[in-house]
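A.B. asks: Protein chains in written order, with the numbering used here: chain E, 166 to 748; chain C, 2 to 291. Quick reminder that beta carbons are idealized off the backbone N, C-alpha and C, glycines included. The structure is given below, and queries will be raised subsequently.
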């Protein structure tokens with residue numbers, strides 16, 4: 166009764182959760198161009214897309230992806246054999262346990278007429294699968310908590326996944342072990358199937374046989390037994406028990422537990438520990454199921470969907486409504502396995518720039534919060550935006566994602582979406598924007614230019630002196646701290662050699678591009694070197710020249726004084742960005 | 002001859018023909034390439050933002066190659082410049098070296114500064130040698146005029162990169178000339194392609210690119226030859242964008258050096274990824290003899 170009620174409640178939560186999740190895939194928005202597409206249109210586009218794909222030759226691609234990437238996990242195999250083995254052990258063996266053991270009433274029993282959980286091969290297979298899952302879990306624990314490769318982050322969801330699996334498996338195996346030793350279960354079954362009662366001679370013989378051969382622990386009975394008693398017990402066993410019971414040694418994991426607990430078996434039996442374990446076992450399974458749509462186990466459904474969808478969809482060709490739906494689903498397809506982060510070209514810089522959102526595996530988690538319209542404070546939002554922009558667009562995360570998530574597209578769309586909030590993003594003013602430039606035709610001109618202007622303006626707004634046309638500046642260094650930081654820098658310490666000869670400015674192709682360069686660029690290279698010498702921070706930071714420097718090193722190569730002009734400009738850019746971040 | 006091949010970020014994602022053509026050419030010239038899949042960003046795009054982060058990224062690559070005991074061959078000039086810069090600075094500044102090594106230690110890596118960092122062109126010129134390449138050329142070009150683009154970050158700052166004479170370099174011209182093509186003299190040959198500003202100031206970036214290309218065109222070039230991922234994408238994809246805006250100029254097709262050399266070595270166009278270029282360069286086959 167309790168079993169049925171809890172089963173149906175958990176099943177209901179599971180189904181409602183799944184429906185809720187599907188509704189979020191059809192409503193969450195990741196791309197600017199699909200902002201106004203209603204859910205109903207997204208649903209009809211999705212159905213149309215699926216039907217048309219299945220009816221086209223693309224179905225062959227789907228079949229291939231299903232076997233190679235979903236069943237055989239090709240992507241994980243190519244990337245990391247240890248992780249592949251871990252995952253295969255857990256998922257294949259758990260699936261087999263689910264089908265053969267948990268759903269035996271619906272699958273195994275109808276398929277095999279002589280099915281009984283306590284008969285071979287089923288008895289042995291159940292333990293074999295269980296052992297394989299346990300090995301997989303141990304490997305996962307080893308990777309996450311002992312090996313702990315650099316930049317692999319473990320969040321509470323990862324720990325939950327390991328714990329719930331471990332509880333299900335451990336409770337099952339210990340339950341089996343206590344049942345093997347249990348005298349009360351033995352007694353009940355002998356009464357039911359052999360019609361024998363405690364105290365009878367035949368009962369004693371059968372019990373001796375079970376204690377000797379089947380691991381039962383009976384009060385007052387201990388090996389060695391006389392051969393004739395065992396012989397008699399064996400006959401009774403073959404008459405009443407053997408048609409349903411293979412030797413428990415075949416259930417090797419449970420048998421090991423039974424052997425370990427032999428001394429305590431009577432006490433455990435009296436205390437009804439096997440009943441408690443039974444509750445723990447099925448409740449853990451039910452809770453795992455009910456919570457599945459909200460946990461990372463949802464990837465059992467979403468990762469295959471993501472792999473299939475990405476194998477047949479193309480940016481530009483597919484319906485934009487479907488791309489938006491796929492991207493919303495991709496957030497739930499992420500298993501936080503860390504494959505992307507381990508191959509991220511930018512991962513290492515987290516050691517210098519403390520922002521966990523640089524790592525793709527963490528970025529996608531944070532962005533999930535952004536699309537689900539969770540309340541995110543300004544500071545966190547900016548950190549996420551910074552993290553999303555600190556990306557060289559090398560595509561490696563996308564290439565290795567075992568769930569087939571097109572991460573690079575997701576970053577691209579989310580960046581543009583986040584720019585709409587009008588927070589300045591300073592990494593835009595670097596070659597990291599090269600990719601965005603190449604993609605500019607997919608962004609409206611206004612949306613393309615606005616963030617670039619905002620970033621420059623945010624920096625310039627900190628430089629009051631730049632705004633006054635007639636400047637009266639003192640000739641003693643006005644900002645010692647600024648000068649000192651330049652002097653200490655590996656790349657800028659040469660600035661003091663500048664005597665303002667203008668060779669750098671004359672060599673600069675950017676200066677040469679304008680008829681009236683001062684108007685566009687503000688300070689010119691030699692002036693910037695000189696203001697740095699004077700310690701006037703505002704003038705050094707506030708010039709467009711800084712951000713329009715090509716870093717072609719013509720100035721530095723030609724400087725007669727050995728000033729590392731380009732490198733000083735680099736350092737000033739770094740300082741200007743730090744200066745705005747400081748506030 | 003064995004090198005660790007450093008591809009950087011652009012080439013595998015957006016310029017696969019540079020990798021395939023370089024591999025084909027180097028194989029023909031018996032240069033063995035080792036792939037280190039742990040390599041990360043060279044650090045170059047980070048220099049505007051955070052100096053230390055860029056040095057750290059570069060240093061990790063150097064340390065990875067060092068761990069394998071391999072010298073590095075770099076295809077991209079910006080990546081080459083960055084790696085040389087990091088190598089130079091860490092050898093100069095003990096405290097920077099210690100700080101970086103402290104971080105790298107977490108991954109059992111250490112920068113010692115024992116390896117050479119070379120650009121593809123330097124390897125061809127110095128390690129393989131012009132004569133050895135010339136011997137293998139089966140189909141030299143005839144009547145082909147090439148505008149050779151050096152690329153800023155290979156040439157300058159010369160005291161750090163030590164690629165060639167920064168004022169009058171000849172290394173790349175000689176490599177082009179040995180294929181039978183004529184490497185023409187043109188005013189803007191040492192100027193910047195404009196790529197560093199593409200994405201942050203497109204107007205200026207495209208203006209510089211256009212000026213450079215028209216100078217090459219006016220000087221009689223049939224093709225522009227380069228050996229850098231940023232430069233190539235700028236001359237190829239971005240030139241396409243400039244021309245689609247209604248520029249009156251006909252495109253000047255850019256060709257990657259290993260594509261140019263590869264054809265004269267008798268390697269087929271498909272292996273060299275000629276079809277991957279945005280602006281059609283297949284016309285160059287018409288200049289091949291034999």
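Would you give the residue range spanned by the alpha helix (DSSP H) that residue 67/C belongs to?
C.D. replies: Here residue 67/C refers to the residue found at position 66 of the second chain. Unbroken alpha helix (DSSP H) run through residue 67/C: 52-68.
A.B. asks: Quick one: any contact between the stretch 142-158 of chain C and the stretch 171-181 of chain C, if contact means 3 or more CB pairs under 8 Å?
C.D. replies: At 8 Å Cβ cutoff, the stretches touch.
A.B. asks: Are the beta-carbon atoms belonging to residue 526/E and residue 378/E less than 8 Å from one another?
C.D. replies: Within the first chain, the letter at position 361 stands for residue 526/E. Within the first chain, the letter at position 213 stands for residue 378/E. No, Cβ-Cβ distance for residue 526/E and residue 378/E is not below 8 Å.
A.B. asks: Assuming residue 560/E is part of the beta strand (DSSP E), what are its boundary residues?
C.D. replies: Numbered from its first residue, the first chain carries residue 560/E at position 395. Element bounds for residue 560/E: n/a, residue is neither H nor E.
A.B. asks: Any C-beta of chain E sitting closer than 8 Å to the C-beta of residue 20/C?
C.D. replies: The residue you call residue 20/C lines up with position 19 of the second chain. Output row for residue 20/C: interface = no.
A.B. asks: Helix, strand or coil, according to DSSP, for residue 149/C in the structure here?
C.D. replies: Within the second chain, numbered from 1, the residue matching residue 149/C stands at position 148. Here residue 149/C sits in strand by DSSP.
A.B. asks: From residue 108/C to residue 315/E, what distance separates their C-alpha atoms?
C.D. replies: Counted from its first residue, the second chain places residue 108/C at position 107. Counted from its first residue, the first chain places residue 315/E at position 150. Answer to the nearest angstrom: the Cα atoms are 7 Å apart.
A.B. asks: Does the count of Cβ pairs from the stretch 260-270 of chain C and the stretch 239-248 of chain C closer than 8 Å reach three?
C.D. replies: Not touching, per the Cβ criterion.
A.B. asks: Near residue 298/E, which residues of its chain fall below 6 Å by C-beta distance, leaving aside the five closest residues on each side in sequence?
C.D. replies: Within the first chain, numbered from 1, the residue matching residue 298/E stands at position 133. Hits under 6 Å: 255, 258, 259, 334.
A.B. asks: Per DSSP, residue 226/C forms a beta bridge with which residues?
C.D. replies: Taking the first residue of the second chain as 1, we reach residue 226/C at position 225. Looking at the DSSP assignment, residue 226/C forms a beta bridge with 149/C, 256/C.
A.B. asks: Name the residues in the stretch 33-60 of chain C whose C-beta lies less than 7 Å from a C-beta of chain E; which are they?
C.D. replies: Within the stretch 33-60 of chain C, the residues whose Cβ lies closer than 7 Å to some Cβ of chain E are 41, 42, 45, 46, 47, 48, 49, 50, 51, 52, 53, 54, 57, 58, listed in chain order.
A.B. asks: Between the stretch 355-372 of chain E and the stretch 337-347 of chain E, do three or more beta carbon pairs fall short of 8 Å?
C.D. replies: No, they do not touch.
A.B. asks: Please classify residue 674/E: is it buried, with 16 or more other beta-carbons within 10 angstroms of its beta-carbon, or exposed?
C.D. replies: Translated into the one-based positions of the first chain, residue 674/E becomes position 509. Buried, because 16 or more other Cβ atoms sit within 10 Å of the Cβ of residue 674/E.
A.B. asks: Using a Cβ cut-off of 7 Å, which residues of the stretch 170-184 of chain C contact any Cβ in chain E, in chain order?
C.D. replies: Hits within the stretch: zero.
A.B. asks: Among 445/E, 386/E, 603/E, 196/E, whose alpha-carbon lies nearest the alpha-carbon of residue 490/E?
C.D. replies: The residue labelled residue 490/E in the question sits at position 325 within the first chain. Comparing Cα-Cα distances from residue 490/E to each of 445/E, 386/E, 603/E, 196/E, the minimum goes to 196/E.
A.B. asks: Quick check: residue 740/E and residue 708/E, are their CB atoms within less than 8 Å of each other?
C.D. replies: Counting from one through the first chain, the residue named residue 740/E turns up at place 575. Counting from one through the first chain, the residue named residue 708/E turns up at place 543. Contact flag unset, no.
A.B. asks: Helix or strand or just coil, what does DSSP make of residue 691/E?
C.D. replies: Here the question's residue 691/E lines up with position 526 in the first chain. Residue 691/E: helix per DSSP, three-state reduction.
A.B. asks: Can you pull the chain C residues whose beta carbon is under 7 Å from the beta carbon of residue 718/E, in chain order?
C.D. replies: In the first chain, residue 718/E corresponds to position 553, counting from 1. Correct list: 153, 157, 158.
A.B. asks: Return the chain-ordered list of same chain residues with a C-beta closer than 7 Å to the C-beta of residue 386/E, the five sequence neighbours on each side being excluded.
C.D. replies: Position 221 of the first chain holds residue 386/E. So the list reads 372, 373, 376, once near-sequence residues are dropped.
A.B. asks: Residues of chain E with CB under 9 Å from residue 104/C, in chain order?
C.D. replies: What you label residue 104/C is simply residue 103 of the second chain in a count that begins at 1. Neighbours of residue 104/C on chain E, chain order: 513, 516, 517.
A.B. asks: Within 10 Å of its beta-carbon, does residue 480/E have 16 or more other beta-carbons around it, so buried, or fewer, so exposed?
C.D. replies: Taking the first chain and counting its residues from 1, the one referred to as residue 480/E is at position 315. Result: exposed.
A.B. asks: Decide if residue 278/C is buried, meaning its Cβ has at least 16 other Cβ atoms within 10 Å, or exposed.
C.D. replies: Here residue 278/C corresponds to residue number 277 of the second chain, with the count starting at 1. Buried: at least 16 other Cβ atoms inside 10 Å.
A.B. asks: Using a Cβ-Cβ cutoff of less than 6 Å, which residues in the same chain neighbour residue 284/E once the five nearest sequence positions on both sides are dropped?
C.D. replies: Against the first chain, residue 284/E aligns to sequence position 119. The residues are 411.
A.B. asks: I need the boundaries of the beta strand (DSSP E) containing residue 5/C, first residue and last residue.
C.D. replies: Walking along the second chain from the start, residue 5/C turns up at place 4. Where residue 5/C is concerned, the enclosing beta strand (DSSP E) stretches over 3-7.
A.B. asks: Count the other CB atoms, across all protein chains shown, that sit within 10 Å of the CB of residue 23/C; report buried if there are 16 or more and exposed otherwise.
C.D. replies: For the purposes of this step, residue 23/C is taken as the residue at position 22 of the second chain. Classification for residue 23/C: buried.
A.B. asks: Do the CB positions of residue 332/E and residue 445/E come within less than 8 Å of each other?
C.D. replies: On the first chain, residue 332/E is found 167 positions in, with the first residue counted as 1. On the first chain, residue 445/E is found 280 positions in, with the first residue counted as 1. Yes, the Cβ-Cβ distance between residue 332/E and residue 445/E is below 8 Å.
A.B. asks: By a C-beta neighbour count over all protein chains shown, 10 Å radius and 16 as the cutoff for buried, is residue 16/C buried or exposed?
C.D. replies: Locating residue 16/C in the second chain gives position 15, counting from the first residue. Burial call: buried.
A.B. asks: Residue range of the alpha helix (DSSP H) that residue 312/E falls in?
C.D. replies: Residue 312/E sits at position 147 when you count from the first residue of the first chain. Residue 312/E -> no alpha helix (DSSP H), and no H or E assigned at all.
A.B. asks: Cβ atoms of residue 168/C and residue 120/C: under 8 Å apart, would you say?
C.D. replies: Locating residue 120/C in the second chain gives position 119, counting from the first residue. Locating residue 168/C in the second chain gives position 167, counting from the first residue. Not closer than 8 Å, so no.
A.B. asks: So is residue 235/C buried or exposed if we call it buried at 16+ other beta carbons inside 10 Å?
C.D. replies: As a working mapping, residue 235/C is identified with position 234 in the second chain. Buried, by the Cβ-count rule.
A.B. asks: Do residue 282/C and residue 243/C have their C-beta atoms closer together than 8 Å?
C.D. replies: Here residue 282/C is taken as the residue at index 281 of the second chain, counted from 1. Here residue 243/C is taken as the residue at index 242 of the second chain, counted from 1. Not in contact: residue 282/C and residue 243/C (Cβ atoms no closer than 8 Å).
A.B. asks: Quick one, are the C-beta atoms of residue 730/E and residue 666/E less than 8 Å apart?
C.D. replies: By one-based count along the first chain, residue 730/E stands at place 565. By one-based count along the first chain, residue 666/E stands at place 501. For residue 730/E and residue 666/E, no; Cβs fall outside 8 Å.
A.B. asks: Ordered along the chain, which non-local residues of its own chain (more than five positions away) have a Cβ less than 7 Å from that of residue 29/C?
C.D. replies: Here the question's residue 29/C lines up with position 28 in the second chain. Result list for residue 29/C: 137, 266, 268, in chain order.
A.B. asks: Got a sec: which bits of the stretch 602-624 of chain E sit with their beta carbon under 8 Å from any beta carbon on chain C, in order along the chain?
C.D. replies: Under the 8 Å Cβ criterion, the stretch 602-624 of chain E contributes 602, 603, 605, 606, 617.
A.B. asks: Any Cβ of chain E within less than 8 Å of the Cβ of residue 198/C?
C.D. replies: Within the second chain, residue 198/C is the residue found at index 197, counting from 1. Taking Cβ atoms only, chain E reaches closer than 8 Å to residue 198/C, which makes this a yes.
A.B. asks: What residue from 502/E, 618/E, 536/E has the CA that sits closest to residue 568/E's CA?
C.D. replies: By 1-based counting over the first chain, the position of residue 568/E is 403. Measuring from the Cα of residue 568/E, the nearest candidate turns out to be 502/E.
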